[in-house]
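Everything on this sheet refers to the single structure shown next.
Structural data, given as structure tokens:
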């Protein structure tokens, strides 16, 4: 069996329409299928980041703090507050 794979790796050439090639191809396909099943079984169910909902009041409080710290201007605060 190792000899067959070695022949493919070295490009010595096994005719694609031969039984030998088909056998090797089928076994490789089976290996890939098994690996896919293993990978699918270990994936976490929910890979997305948690979604947090902020109320409009939470957003306004955040912008008030930014305004108090001088990070945003009054105009920027008013724009953010009106968009909420």
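Numbering (our numbering), first residue to last: 70 to 153.
Glycine included, each C-beta is placed from N, C-alpha and C at the ideal position.
Taking the Cβ atom as the reference point for each residue, do residue i and residue j lie within a distance shorter than 7 Å?
{"i": "residue 146", "j": "residue 123", "result": "no"}
{"i": "residue 128", "j": "residue 153", "result": "yes"}
Output the distance between the C-alpha atoms of residue i and residue j, rounded to the nearest integer angstrom.
{"i": "residue 83", "j": "residue 97", "result": "15 Å"}
{"i": "residue 103", "j": "residue 110", "result": "11 Å"}
{"i": "residue 89", "j": "residue 95", "result": "10 Å"}
{"i": "residue 126", "j": "residue 143", "result": "17 Å"}
{"i": "residue 87", "j": "residue 93", "result": "10 Å"}
{"i": "residue 137", "j": "residue 130", "result": "10 Å"}
{"i": "residue 151", "j": "residue 108", "result": "48 Å"}
| Sequence ranges, alpha helix (DSSP H) only - wholly within the stretch 88-117, length at least 4 | Taking 4 residues as the minimum length, the alpha helix (DSSP H) runs contained wholly in the stretch 88-117 are 88-111, in order along the chain.
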